[in-house]
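Numbering (the numbering used here), first residue to last: 481 to 799.
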């Protein structure tokens, strides 16, 4: 089986890596990350430690870290593999290696009945991955959704082993992430305080501060500055506006702050960045695989939307 040469969405710097598998045979491999295998087209057989499992279309398989496994499939089968970065998991006190689980095949139908949040959040993440959004807003949304997804997966495994595990209202969580990210990217050029956002999502500043840090991985002020910085880079590349005007339109109170961030992140001034910067491709060595993956995912989402999981999509549209 052919595997894409790199993480398909590497440029987004997500807490997981995404690989596209297509072809006949995936040789036996072992890697330190836990992996989620999703058959998005066709069928496959996956062998883990000499035990073979049959996977049909829209089934999901969880592979434990350091497990020897191989995948066999027809030539037209397409599989997505999501490798969960251990550094992110450990940073958020999610130690899957301490709650060993038995590998098994999950169907979307089963998950939609027993653990509806799991397929719902997968759908949300995939929608974002194949959307036309190009700004860093998509990365923060995916990070927020993934954080909720991985917490729910952790609870699901704990529940199967230990039964009573506290549940979180995922709809509230996802809506809060969406509102925070959208409002910030629509108003970053204005003065925004933590209190403004707290009122918007109806929680205290203290709780908001912890929520943003936990969900997005950075404090809200840093998130806001990143949104402003991203817009400034876009203006530097696409316009000939003076740096002072770029700074003002991006929400910085003084162009010195912009130049300071440029120096810290690129070790160059805004003007030098404008003259020297060149855009990079998403995955230069496999652009066709990336494009094909996106198109297949769009079709997959459409088919799920029109099929027996339609109720999940109706729920996700309300988020």
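Think of the CB as a built atom: it goes at the ideal place given N, C-alpha and C, for glycine as much as any other residue.
These numbers were taken from a predicted model, which means no experiment stands behind them.
- With at least 16 other beta carbons inside 10 angstroms of its own, residue 609 counts as buried.
- Taking the CA atoms as reference points, residue 729 sits about 48 angstroms from residue 537.
- When rounded, the separation of the alpha-carbon atoms in residue 622 and residue 557 is 26 angstroms.
- Cα atoms of residue 657 and residue 522: separation of roughly 34 angstroms, rounded to the nearest angstrom.
- Across the set 528, 634 and 625, the C-alpha of 625 shows the shortest separation from the C-alpha of residue 653.
- The straight-line gap separating the alpha-carbon atoms of residue 749 and residue 529 is approximately 54 angstroms.
- Taking a contact to require three or more Cβ pairs closer than 8 angstroms, the stretch 730-742 and the stretch 703-717 qualify as touching.
- When secondary structure is reduced to three states using DSSP, residue 499 falls in the strand class.
- Secondary structure note for residue 539: its beta strand (DSSP E) is the uninterrupted segment 539-543.
- For residue 548, the secondary structure class from DSSP, reduced to helix, strand or coil, is coil.
- Counting the other CB atoms within 10 Å of its CB gives residue 611 a total below 16, which places it among the exposed residues.
- Boundaries of the alpha helix (DSSP H) harbouring residue 701: 700-718, taken from the DSSP string.
- Cβ neighbours of residue 746 within its own chain (closer than 7 angstroms, five residues either side excluded): 753.
- Judged by DSSP in its simplified three-state form, residue 561 adopts strand.
- Inclusion of residue 627 and residue 689 in the CB contact set at 8 angstroms is not warranted, their separation being larger than that value.
- Collapsing the DSSP output to three states places residue 525 in a strand.
- In this structure, 575 is the residue among 607, 676 and 575 with its C-alpha nearest to the C-alpha of residue 635.
- Distances from the alpha-carbon of residue 525 to those of 533, 562 and 513 put 533 closest.
- Collapsing the DSSP output to three states places residue 673 in coil.
- Apart from sequence neighbours up to five positions away, the residues of its chain that approach residue 724 with a beta-carbon distance below 8 angstroms are 735, ordered along the chain.
- Sequence-distant partners of residue 693 (beyond 5 residues in either direction) whose C-beta falls short of 6 angstroms from its own C-beta, in its chain, are 699.
- Here residue 730 carries a coil assignment [DSSP, helix/strand/coil].
- According to the DSSP assignment, residue 610 belongs to no beta strand (DSSP E), since it is labelled neither H nor E.
- Distance check between residue 554 and each of 548, 541 and 535 places 535 closest, using alpha-carbon atoms only.
- Nearest in C-alpha terms to residue 518, of all of 585, 490 and 487, is 585.
- Per DSSP, reduced to three states, the secondary structure at residue 531 is strand.
- For the pair residue 491 and residue 687, the Cα-to-Cα distance works out to about 31 angstroms.
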